[in-house]
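**Student:** Counting from 1 along the sequence shown, just add 10 to a position and that's the residue number in this note's numbering. Could you have a look at this structure, given as structure tokens, before my questions?
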Amino acid sequence: MIRISDKQKEWIKKLLSQMTLEEKIGQMNQESVSIVGGFDVPFEELIEMVTDGRISQEAFEKIMSTAAQDYHEADIRAGRVGSLMVQNPRKCNELQKIAVEESRLGIPLLFGLDVIHGFRTVYPIAIAEACAFDMDLFERTARMAAKESRTQGVNWHFAPMLDVARDARWGRVSEGPGEDPYLVSCFARAKVRGLQNDTSSPENYVAACLKHFVAYGACEAGRDYNTVSMAHSMLCNNYLPPFAAAVEEGAATVMAAFHDLNGVPCTVNAGILRTMLKENYGFDGFVVSDANAIRECVTHGIAADEEAAGQTAVKAGLDMDMGTQIYKKHLKQAVADGRLSEKLIDEAVERILTVKMWLGLFEHPYVEERSMDRYEVLPREHLALAREAGCKSAVLLKNEGHLLPLHKKTKISLVGSLADKKEEVAGAWAISYRTNDCVSIKEGFENAGANVRYFPCGGPDTELEEEEIKKAASYGDVIVAVVGETAAMSGEAASKADLTLPGKQRELLEKLLATGKPVAVLLMNGRPLALHWEAEHIPAILECWQMGVEMGNAVADLVFGAVNPQGRLSVSFPQVTGQCPIYYNHPNTGRPGGKSKFTSRYLDVTEQPEFPFGFGLSYTEYQYHNLTVREEGDRLVVCVEVENTGTITGTETVQLYMRDVTASIVRPVKELKGFEKVTLEPGERREIILCLKKEEMGFYNNEGEYRLEDGVFTIYAGGNARDCLKQDLYITF
Ligand code: BGC
Numbered sequence: 011m012i013r014i015s016d017k018q019k020e021w022i023k024k025l026l027s028q029m030t031l032e033e034k035i036g037q038m039n040q041e042s043v044s045i046v047g048g049f050d051v052p053f054e055e056l057i058e059m060v061t062d063g064r065i066s067q068e069a070f071e072k073i074m075s076t077a078a079q080d081y082h083e084a085d086i087r088a089g090r091v092g093s094l095m096v097q098n099p100r101k102c103n104e105l106q107k108i109a110v111e112e113s114r115l116g117i118p119l120l121f122g123l124d125v126i127h128g129f130r131t132v133y134p135i136a137i138a139e140a141c142a143f144d145m146d147l148f149e150r151t152a153r154m155a156a157k158e159s160r161t162q163g164v165n166w167h168f169a170p171m172l173d174v175a176r177d178a179r180w181g182r183v184s185e186g187p188g189e190d191p192y193l194v195s196c197f198a199r200a201k202v203r204g205l206q207n208d209t210s211s212p213e214n215y216v217a218a219c220l221k222h223f224v225a226y227g228a229c230e231a232g233r234d235y236n237t238v239s240m241a242h243s244m245l246c247n248n249y250l251p252p253f254a255a256a257v258e259e260g261a262a263t264v265m266a267a268f269h270d271l272n273g274v275p276c277t278v279n280a281g282i283l284r285t286m287l288k289e290n291y292g293f294d295g296f297v298v299s300d301a302n303a304i305r306e307c308v309t310h311g312i313a314a315d316e317e318a319a320g321q322t323a324v325k326a327g328l329d330m331d332m333g334t335q336i337y338k339k340h341l342k343q344a345v346a347d348g349r350l351s352e353k354l355i356d357e358a359v360e361r362i363l364t365v366k367m368w369l370g371l372f373e374h375p376y377v378e379e380r381s382m383d384r385y386e387v388l389p390r391e392h393l394a395l396a397r398e399a400g401c402k403s404a405v406l407l408k409n410e411g412h413l414l415p416l417h418k419k420t421k422i423s424l425v426g427s428l429a430d431k432k433e434e435v436a437g438a439w440a441i442s443y444r445t446n447d448c449v450s451i452k453e454g455f456e457n458a459g460a461n462v463r464y465f466p467c468g469g470p471d472t473e474l475e476e477e478e479i480k481k482a483a484s485y486g487d488v489i490v491a492v493v494g495e496t497a498a499m500s501g502e503a504a505s506k507a508d509l510t511l512p513g514k515q516r517e518l519l520e521k522l523l524a525t526g527k528p529v530a531v532l533l534m535n536g537r538p539l540a541l542h543w544e545a546e547h548i549p550a551i552l553e554c555w556q557m558g559v560e561m562g563n564a565v566a567d568l569v570f571g572a573v574n575p576q577g578r579l580s581v582s583f584p585q586v587t588g589q590c591p592i593y594y595n596h597p598n599t600g601r602p603g604g605k606s607k608f609t610s611r612y613l614d615v616t617e618q619p620e621f622p623f624g625f626g627l628s629y630t631e632y633q634y635h636n637l638t639v640r641e642e643g644d645r646l647v648v649c650v651e652v653e654n655t656g657t658i659t660g661t662e663t664v665q666l667y668m669r670d671v672t673a674s675i676v677r678p679v680k681e682l683k684g685f686e687k688v689t690l691e692p693g694e695r696r697e698i699i700l701c702l703k704k705e706e707m708g709f710y711n712n713e714g715e716y717r718l719e720d721g722v723f724t725i726y727a728g729g730n731a732r733d734c735l736k737q738d739l740y741i742t743f
């Protein structure tokens, strides 16, 4: 719940009673269209232009601020704008001043922006950060982003992105915390706390926006914006829980998704927005559309024109229009003609004003001049946090013969154009960082004092340089190859039908291996890749993702052994693209995959992933012993011993899974139900106790009822979703 006092609630009601219909509708209008060279350019296209280098970051900032100024001033003065996307603090103050001092009722503006994985200090993309399995970290990085952005005027983050995603073809897997509803829910809660909970000063918190409501991650064939058809039980058990958790944690806003869910675009889907979110979950914040999504309802073919789309959206419970100005243009007439009840408008506006009140905007509408330059130079503790997050996010996928860590004195040929690209470390959604703050892998190795020489040789979007390959082959005693994807190859509108290493990178690796020298691969990418060949041939593979500004330093910490890898995959990696969607918690078939022909399998590849969910190696090894499970009142107490059998200290993520063996609907073969990180000295063996509340062992059926059904359950504990100890027991509820 958003906490404001009864007195403040009364004050809002009074304010609402003084507003004209036009002013009310103005609050429901977020303008996100900018003007470039006299043309209207949709915001996402603008982002695309920045991403592919058509305009620079600096030019983008300028456009955002001047466009806002030219285009919006009159509207703000007339009370026709509730929110804008601007990220220049002085510009925010100028526009805010018009809203507060020159509009009739002085209602402050909300400034929203995509702050998905950091603001000035960019930390790892969400799919990577989730691999840390570390709620405290999730919360701290969010708090850092909130503080940095608020001093720049941005008081509303379009984050966290909570789309459970099981199909690596979808480019937006990079933006979310993976495939598992439990882990995504943990991430959801922590992010909301980090963004919203430090209300000690208005400079410390922002409004979160949970997105994309809901099941966007299930878009058919992994193609962005595509249709989603889904059983209600699947929706309730897998896609809704993270949103329910984040709403319970007090999230202030929610963004409706672009796609149609069972035939109804989420933008106008009363069943999910009004019934599920607002009535069932008791969500008391407001819902914003995704960019231009109200207009797209006409394209979907479920509204005859913009006016009809706008009305249906309001009726469905969509409180704010991002980017189309359809509310601004059409709602007044619809109310005047009696086609739309003003009561629905009042409800939406009350929610929006409540969030503005909770943010402290009525009392503190401006960014303080003295705070504006606070993050000009990134503070040491923010960089340290980004580096810590990077180190915890990397996942060691293979390490034959303990090739890693390397000794700094070892002669290293560092290969691959991605190793020397500062701008590639930030990931697809970073828009408020500066390239100069980014540390490339090459710089990280140099900073660490490694005996390294760099040879570009080729990359995801470049040709191979044969001469460089020869030089690299003859120089180093070890070759470290940085391969993967550019940042633009994942993220929004970046779906792919082939998940093998793009370009000629496989060929590059083949040539490097042919030298006979040991080759370690560092992966830099925003989605699971199909790495079957690499997993067979390359001795050491470290999945580094896109780690943010401190990437090079964090990667050097890991490669040279200052830090022992501890990340665990937040998503399954397929062997080949055709296995997608592939996820560990799938429902069982009547013919589980096996050796005989008539089973649920492929002829040309097993049904197993290359690397399972929860998987990750370290520079030491762990063994599990003596799983015991006992019932204690309303919970299960699961004990398992974990032993560090290697020679260095390490942090293991002990994972608890369950399976409901017999139920009235088919249940997943495994479901994550808890985890705990434990740091063990070499030779240390420790008992870990994980508790599972019996009330959390149920499921939703297709009528939306939560069922706890007596029967046999299998409880698993282990270091990933595949390799676990297990015990069966009969549970009565
Ligand atoms: C994306 C959202 C984002 C919005 C505003 C849309 O294209 O789907 O995730 O918050 O743009 O930038």
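Note that CB positions come from ideal geometry on N, CA and C, so glycine has one too.
1. List in chain order: all unbroken beta strand (DSSP E) runs of 3+ residues lying wholly within the stretch 662-730.
2. Taking 8 Å as the cut-off, does the stretch 392-412 touch the stretch 549-567 (at least 3 CB pairs, one atom from each stretch)?
3. For C701 and V647, which I take to be in contact (beta-carbon distance under 8 Å), what is that distance rounded to the nearest angstrom?
4. Indicate the three-state DSSP secondary structure (helix, strand or coil) for W543 in the structure shown.
5. When the Cα of H310 is compared with those of A84, V324, T237, which residue comes out closest?
6. Is it buried or exposed, T657, if we count other Cβ atoms within 10 angstroms and call 16 or more buried?
7. Measuring only the C-alpha atoms, how far is V462 from S450?
8. With a threshold of 7 Å, establish whether the CB of A152 neighbours any heavy atom of the ligand BGC.
9. Assign G494 to one of three DSSP states: helix, strand, or coil.
10. Distance, Cα to Cα, G370 vs P252?
11. Using 10 angstroms around the beta-carbon of N535, count the other beta-carbons present and answer buried if the total reaches 16, otherwise exposed.
12. Please report the residue range of the beta strand (DSSP E) in which M534 lies.
13. Are the beta-carbon atoms belonging to A673 and G624 less than 8 Å from one another?
14. Pull up the distance between the alpha-carbon of M330 and that of P591, whole angstroms please.
15. DSSP has V405 in a bridge; who is on the other side?
16. In three-state terms, what does DSSP make of V324?
17. List in chain order: all unbroken alpha helix (DSSP H) runs of 4+ residues lying wholly within the stretch 247-332.
18. Grab me the residues of R537's own chain with a C-beta within less than 6 Å of its C-beta, minus the 5 sequence neighbours each way, in chain order.
19. Going by DSSP, what residue range makes up the alpha helix (DSSP H) through N98?
20. Can you look up N598 in the DSSP assignment and give me helix, strand or coil?
21. Is L532 near V565, with beta carbons less than 8 Å apart?
22. Which same chain residues end up closer than 7 Å to G47 when comparing Cβ atoms and leaving out the 5 residues on each side of it in sequence?
23. Which stretch, first to last residue, makes up the alpha helix (DSSP H) that contains S606?
24. What's the C-alpha gap between I45 and A109?
25. Does the ligand BGC have even one heavy atom less than 7 Å from the beta-carbon of F70?
26. I need the boundaries of the alpha helix (DSSP H) containing D614, first residue and last residue.
27. Within 10 Å of its beta-carbon, does F608 have 16 or more other beta-carbons around it, so buried, or fewer, so exposed?
28. Could you tell me the distance, in whole angstroms, from the CA atom of F570 to the CA atom of Y632?
29. Leaving aside the five residues before and after F49 along the sequence, list all residues of the same chain whose C-beta is less than 6 Å from its C-beta, in chain order.
30. From V43 to A319, what distance separates their C-alpha atoms?
31. Please name the residue in E55, K432, M244 whose C-alpha comes closest to that of G227.
32. Just the Cα atoms here: how many angstroms apart are I698 and V652?
33. Tell me which residues share the same chain as N654 and place their Cβ nearer than 7 Å to its Cβ, disregarding the 5 neighbours each side in the sequence.
34. Return yes when the C-beta of K402 is under 7 Å from any heavy atom of the ligand BGC, and no when it is not.
35. Since F744 and E139 should fall inside the 8 Å C-beta cutoff, what is the C-beta to C-beta distance between them, to a whole number of angstroms?
36. What residues are listed by DSSP as bridge partners for V183?
**Tutor:** With the structure as the only source:
1. 681-690, 695-703, 721-728
2. With a cut-off of 8 Å, the stretch 392-412 and the stretch 549-567 count as touching, because enough Cβ pairs lie within range.
3. 6 Å
4. helix
5. Residue T237 is the option with its Cα nearest to H310.
6. exposed
7. 14 Å
8. no
9. In this structure, G494 counts as strand in the three-state DSSP scheme.
10. 27 Å
11. buried
12. 529-534
13. No, these two residues do not count as a Cβ contact at 8 Å.
14. 33 Å
15. E553
16. In this structure, V324 counts as helix in the three-state DSSP scheme.
17. 251-258, 303-310, 316-326
18. A178, V183, S184, S500
19. No alpha helix (DSSP H) holds N98; DSSP gives it neither H nor E.
20. coil
21. yes
22. For G47, the pLDDT reaches just 38, beneath the cut-off of 50, and the residue's location in the model is therefore unreliable, although a value from the coordinates is still provided. Excluding sequence neighbours, G47 sits near nothing in its chain.
23. First-last for S606: undefined, no H or E at that position.
24. Only weak support exists for where I45 lies, its pLDDT of 39 falling under 50; the value from the coordinates is given anyway. Their backbone Cα atoms lie some 21 Å apart in a straight line.
25. Look at F70: its beta carbon is at least 7 Å from all of the heavy atoms in the ligand BGC.
26. Looking at the DSSP string, D614 is not in any alpha helix (DSSP H), and its letter there is neither H nor E.
27. exposed
28. 21 Å
29. Bear in mind that the predicted position of F49 carries a pLDDT of just 41, short of 50, making it too unreliable to give a figure here.
30. With a pLDDT of 45 at V43, under the threshold of 50, the modelled position of that residue is not reliable, and no figure is offered here.
31. M244
32. 7 Å
33. T630, Y632, G660, L690, E691, P692, G693, E694
34. no
35. Nothing can be reported for residue 744, as the shown portion of the chain is limited to 11 through 743.
36. V183 is not bridged to any residue.
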